[in-house]
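The working numbering numbers the first residue of the sequence shown as 18 and each following residue consecutively.
Note that beta-carbon positions come from the ideal geometry of N, C-alpha and C, so glycine has one too.
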Amino acid sequence: MKKRLLALGLSALMALSLTACSSGGDQSGKKVQLKMSVTISDTSTWGQAAKKFADEVKEKTNGRIEIQVVANEQLSGGNQAKGVEQLSTGATDISIHSNIIYSVLDPRFSVPSLPFLITSGEQADEKLAGEAGAAINDILLEKNIIGLGFGESGFREITNNKQPITKLDDLKGMKIRVPGMKMYVDLFKSLGADPISMNFAEVFTSLQQGAIDGQENPLDVIDSNQIYTVQKYMSMWDYSYDMLILGFNKTKFESLSPEDQEIIRSAAKDAMAYQRELVRELAKEQLEKFKQSGVEVTELKDIDVDSFKKAVEPLYQGYEQEYGADLINKFR
């Protein structure tokens with residue numbers, strides 16, 4: 018009888034052990050291949066953060082989960098809007114995209130980038146770590162996306178080939194490429210410019226050929242895509258904050274074990290912290306590079322920012338109706 022009980026006990030222990038192994042982080046040794054899209058080049062801070070994320074996940078899963086990082090929006094044929102749509106549907110597993118591009122899924126993603134709403138990196142960090150960031154993650158869940166962390170593309174600065182932009186009148190009539198979203202089109206119209214929407218992949222050639230006068234983007238994007246080589250003037254007006262979202266398709270994420278999910282969350286947190294630190298460190302170097310290449314840079318202190326702020330004030334009533342005053346106030 019004792020031998021029988023002992024045998025039953027050992028059998029139960031072995032069964033528990035096997036169950037634990039099969040449901041644990043190793044997924045019974047099953048390999049997982051994931052595709053990750055990055056809008057700009059692999060040398061950018063976005064690309065470097067993606068590599069760090071992929072490397073950490075691979076290391077902590079002993080090579081079982083491999084993430085293929087595909088830069089320059091190649092998975093969507095250069096169409097950023099299509100890129101976030103692919104993430105939502107599951108055609109792509111993971112991506113780093115700007116919140117601005119996410120607005121094609123829901124206009125509320127535009128809120129962090131409203132004109133002159135966020136004025137410093139410190140403010141952005143505080144808000145995204147609190148209720149404001151939680152609100153963005155809730156909207157992501159509605160779109161079948163898990164928000165794993167926030168990065169920073171930076172403040173969007175404006176470049177052009179006509180003249181220095183220091184006050185409102187300087188923008189009048191300029192053909193400025195803007196992201197394909199209503200908020201930016203309306204904003205630049207209110208500033209007297211002629212906003213032109215086009216895929217980002219077309220911007221360099223359009224500037225080079227004179228089809229457009231200028232564009233607006235964070236320094237890292239201007240640098241990694243060599244836009245500064247085809248522009249004469251840059252104004253550091255810090256008018257719109259551009260955040261990054263490391264998103265994971267919700268359906269795919271939930272197919273992974275809890276242990277693997279935790280590994281991915283941890284790696285994402287590390288990668289986005291690294292990216293924010295890196296982009297802020299590089300900003301001064303990038304600006305100096307632009308100057309040395311011949312770009313005439315106008316600093317924030319030499320810009321009549323109030324003239325721009327006054328011009329966009331009437332837009333805020335419409336923003337509150339469209340995006341919700343409560344969400345906007347979470348970022349103030």
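Self-check item: Beta-carbon proximity list for Ser105, same chain, < 8 Å, skipping 5 on both sides
Solution: Leu122, Lys160, Asn161, Ile162 and Asn266
Quiz prompt | 6 Å Cβ shell around Lys189 - same chain, five flanking residues per side excluded | solution = Gly209
Self-check item: Leu263 and Ile113 closer than 8 Å at C-beta
Solution: yes
Quiz prompt | Three-state secondary structure assigned by DSSP to Ala291 | solution = Checking the displayed sequence, the identity of residue 291 turns out to be Tyr instead of Ala. Helix.
Exercise. Would you identify the three-state DSSP class for Tyr191, choosing helix, strand or coil?
Key: In the sequence on display, residue 191 carries Met and not Tyr. Three-state DSSP puts Met191 in coil, outside helix and strand.
Self-check item: Cβ separation of Val220 and Phe205, assumed to be a contact under 8 Å, to the nearest whole Å
Solution: Contact flag wrong, Cβ pair sits at about 15 Å.
Practice problem: Would you mind stating whether Met191 and Lys179 have Cβ atoms separated by less than 8 Å? | Solution: yes
Quiz prompt | Option nearest Lys48 by Cα separation, candidates Arg125, Arg81, Ser120 and Val202 | solution = Arg81
Quiz item: In chain order, which alpha helix (DSSP H) runs of at least 4 residues are fully inside the stretch 292–340?
Solution: 322–329 and 332–340
Quiz prompt | Three-pair Cβ contact test at 8 Å for the stretch 241–254 versus the stretch 297–315 | solution = yes
Quiz item: Buried or exposed: where does Gly171 fall if 16 or more other Cβ atoms within 10 Å of its Cβ makes it buried?
Solution: buried
Practice problem: Starting from Asn154, trace the alpha helix (DSSP H) both ways and give me its first and last residue. | Solution: Glu148 to Glu159
Exercise. Just mark Asn353 as buried or exposed, buried being the case when its beta carbon has 16 or more other beta carbons within 10 Å.
Key: Residue numbering for the chain in the displayed model covers 18 to 349; residue 353 lies beyond these limits and cannot be assessed.
Quiz item: Across which residues does DSSP place Gly100 in a beta bridge pair?
Solution: According to DSSP, which records beta bridges pairwise, Gly100 is partnered with nothing at all.
Practice problem: Going by CA-CA distance only, name the one from Ser324, Asn96 and Asp59 that's closest to Val87. | Solution: Asp59
Self-check item: Nearest to Ile84 (by Cα), restricted to the options Gln97, Arg293 and Phe70
Solution: Phe70
Quiz prompt | Where Tyr256 sits in the DSSP three-state scheme | solution = Shown here, Tyr256 sits in coil according to DSSP, grouped into three states, outside any helix or strand.
Practice problem: Tell me whether the beta-carbon of Phe167 lies closer than 8 Å to the beta-carbon of Met260. | Solution: It is a contact, given that the beta carbons lie within the stated cut-off.
Quiz item: What three-state label does DSSP hand Pro129 in the structure shown?
Solution: helix
Self-check item: Ser61, enclosing alpha helix (DSSP H) - first and last residue
Solution: No alpha helix (DSSP H) holds Ser61; DSSP gives it neither H nor E.
Quiz prompt | Spatially closest choice to Leu304 from Ala98, Leu236, Ala108 and Gly341, by CA coordinates | solution = Leu236
Practice problem: Give the DSSP-derived three-state secondary structure of Thr106 in the structure shown. | Solution: helix
Exercise. Using beta-carbon positions only, say whether Val296 and Trp254 come within less than 8 Å of one another.
Key: In this structure, Val296 keeps its C-beta atom at 8 Å or more from the C-beta atom of Trp254.
Quiz prompt | Environment of Ala149 [buried if 16+ CB atoms lie within 10 Å] | solution = buried
Exercise. Using DSSP bridges, identify the partner residues of Met53.
Key: Val86 and Ile111
Practice problem: Measure from the alpha carbon of Gly341 to the alpha carbon of each residue in Phe126, Asp240, Tyr291 and Ala146, then state which is nearest. | Solution: Taking only the C-alpha atoms, the option nearest Gly341 is Phe126.
Exercise. Please check if any C-beta of chain C sits within less than 8 Å of the C-beta of Leu185.
Key: Here there is only one protein chain, and chain C is not present.
Quiz item: Roughly how many angstroms lie between the CA atoms of Asp157 and Tyr119, to the nearest whole one?
Solution: At residue 157 the sequence reads Leu, which differs from the Asp that was named. Going by the C-alpha atoms only, they are around 9 Å apart.
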